[in-house]
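Novice:
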Amino acid sequence: MFNQKVLRLLLGSTILSTIFSVTMLALTVYHHQKIQQMIKEYSRQ
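For the record, in the sequence shown the residue sitting at position 38 is 31 according to our numbering, with numbers rising by one throughout.
1. Does the ligand MG have even one heavy atom less than 7 Å from the beta-carbon of residue 9?
2. If you run the structure through DSSP and keep just helix, strand and coil, what is residue 38?
3. If we ignore side chains and look at the alpha-carbon of each, how far apart do residue 6 and residue 35 end up?
4. By how many angstroms is the C-alpha of residue 38 removed from the C-alpha of residue 18?
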């Protein structure tokens, strides 16, 4: 019983951290593209 609880806890935290990492990566890429668009707009003027 104890081992199952620990395993489930570890699995849950691993999944949570994976989701968090993927979300942060997606936000970073999105933000980077936004900044590049802004730079292009700025240099066009």
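No residue lacks a Cβ here, since even glycine has one placed at the ideal position from N, Cα and C. None of the values given here were measured: they were computed from a predicted structure.
Specialist: Inspection of the coordinates gives the following:
1. Here there are no bound small molecules, and the ligand MG is not part of this structure.
2. Here residue 38 corresponds to residue number 45 of the sequence shown, with the count starting at 1. Residue 38: coil per DSSP, three-state reduction.
3. Locating residue 6 in the sequence shown gives position 13, counting from the first residue. Locating residue 35 in the sequence shown gives position 42, counting from the first residue. So the alpha carbons of these two residues sit roughly 43 Å apart.
4. Translated into the one-based positions of the sequence shown, residue 18 becomes position 25. Translated into the one-based positions of the sequence shown, residue 38 becomes position 45. If you take the alpha carbons of residue 18 and residue 38, they lie about 31 Å apart.
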